[in-house]
Each structure stands twice: as structure tokens, then as C-alpha cells.
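Here is the structure we will look at.
Residue numbers (my numbering), protein chains in the order written: chain A, 670 to 782; chain B, 2 to 113.
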């Protein structure tokens, strides 16, 4: 009965590689998000999709590319991984864009060596 | 840059004590949420406040939204070890476009 799921849970990779993180929500929500949480636990929004349309695109390197094949899925692809990309990435969803309450996935811990 | 500042940043208390966490900003929020995050997991929504001056209670937790909707507080009565975690406030506001930002976080540890 997982509401928001992410895969993989852990990702360890070498600098320069390309990797993807997948997210799925079964809540019927219209809006999905990607967040990055740094070592100081600060959560910063990266992207938001509303009904498969990109709504929020914060200042994020263009090596990061989100893709939403349908309302229930939002994947994150990262090209040419750098050491500074190491962090925990969270996917979240909400009933709508202007609805503040969000439901988070368990996170993907990315370690770039 | 809009910022939601939380205080204190860290808090370590004994079981049974009371505590208050503050969340402050210069921006007016249309709604504000409080989340709790435990190690290795995503944040879990605790409450949403919408109206200035609103007070909501969730068992031993009391949440208040400031009259001007720029700040909020979370008060825990008789803290228990199970309350240990990272507490995050987050707010929604419109500054040209819709924005949703998280606070700087408060790490609470309740000792048995």
C-alpha cells in the first residue's frame, strides 16, 4: 500500500556516469516533485510537474532532467554525475500545485565516488 | 531569497519536558505545514495551518500559525523518546509564481 515509492533506495556510482531514479505515486495526485536534501538536512525543491507539465524548475544544472510519462510517475535522470551531486533525493506528490501538503517517498541516497 | 528560519537548530531534552520550535519568515504564506522526518525516511506531514492565528492540536503537539501568517510554532508537551526526529516547517506562497519552501529544520532528541 505504498503511497509514494522510489527506486533505488541506494545508488553508488562513479563520477561521470549517468543514472536514473524512478518515482511512482498511487494517491491519484496531480502534482509531483523532486527534492534534494543535503548533508545539513536542508530540503530544496528541484522540479515540480503538474499533470505531466513542468511547473517549477529551480536553478538546477541541466545535467538533471526530469521526465513524467504520466501523472503517476516522475523520473529523474542525471548525466555526468559529479561529487557534489551526492545527497538524498526525495520524490513527493500533492493533490494539486496550490495544495501545500505533500507526501514523500522514502528517498534515494546517491553517493558519487 | 525567501527563507524559513527555524529555531532552535538542535534540541536535546529529557523525557517529560516541554519544548517549543519556531518557524519564522518575512514572507506571508497562504498555508504552512509541519513535517517530521526520521533517519532513512522521507518527511511525514503532521499538520497544515491556513488561517492567521489558527491553533491545531495533535495529541501532545500544538501548532500555531501567526496572525500575520509569517511565522508558526510547534509546542510539544511532555516529550517522549518517540518524538525524536527532524522537524521541518514548510510554506506555500506566491511571488510571481507559486513557491513552496522548507525551513532550515530542528533536530530534536528526547532522552529516556
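Ideal Cβ placement from N, Cα and C applies to all residues, glycine included.
- The C-beta of residue 11 of chain B has fewer than 16 other C-beta atoms within 10 Å across all chains shown, which makes the residue exposed.
- A distance below 7 angstroms between beta-carbons, with the five flanking residues on each side excluded, links residue 751 of chain A to the following residues of its chain, in chain order: 684, 781.
- Taking a contact as a CB-CB distance under 8 angstroms, the pair residue 16 of chain B and residue 81 of chain B counts as one, their CB atoms being some 6 angstroms apart.
- Contact of residue 49 of chain B with chain A by beta-carbon distance below 8 angstroms involves 769, 770.
- Around residue 101 of chain B, the same chain offers 93 as residues with beta carbons nearer than 6 angstroms, after the five sequence neighbours per side are excluded.
- For residue 717 of chain A, the closest alpha carbon among the candidates A/671, A/765, A/677 is that of A/765.
- In its chain, beyond the 5 residues on either side, 713, 756 have a beta carbon closer than 8 angstroms to the beta carbon of residue 707 of chain A.
- Straight across, the Cα-Cα distance linking residue 13 of chain B with residue 108 of chain B is about 8 angstroms.
- Residues of the same chain with a CB within less than 6 angstroms of the CB of residue 95 of chain B, apart from the 5 flanking positions on each side, do not exist.
- Residues are counted here when their Cβ sits less than 9 angstroms from a Cβ of chain A; for the segment 28–44 of chain B these are 30, 31, 32, 33, 34, 36, 38, 41, 42, 43, 44, given in chain order.
- Just so you know, the alpha carbons of residue 9 of chain B and residue 673 of chain A end up roughly 30 angstroms apart.
- If you check each beta-carbon in the segment 714–746 of chain A against every beta-carbon of chain B, the ones closer than 9 angstroms belong to 714, 717, 724, 725.
- Membership of residue 37 of chain B in the beta strand (DSSP E) is indicated by the continuous run 32–38.
- Within 10 angstroms of the beta-carbon of residue 738 of chain A lie fewer than 16 other beta-carbons, which makes it exposed.
- Separation of residue 36 of chain B and residue 770 of chain A (C-alpha to C-alpha, rounded to the nearest whole angstrom) is 9 angstroms.
- Taking the C-beta atoms as reference points, residue 43 of chain B is found no nearer than 9 angstroms to residue 711 of chain A.
- In this structure, the beta-carbon distance from residue 39 of chain B to residue 111 of chain B does not fall below 9 angstroms.
- Among the CB atoms of chain A, none fall inside 9 angstroms of the CB of residue 113 of chain B.
- For residue 776 of chain A, the neighbours in chain B by C-beta distance under 9 angstroms run, in chain order, 41, 42, 43.
- Distances from the alpha-carbon of residue 753 of chain A to those of A/689, A/705, A/697, A/768 put A/705 closest.
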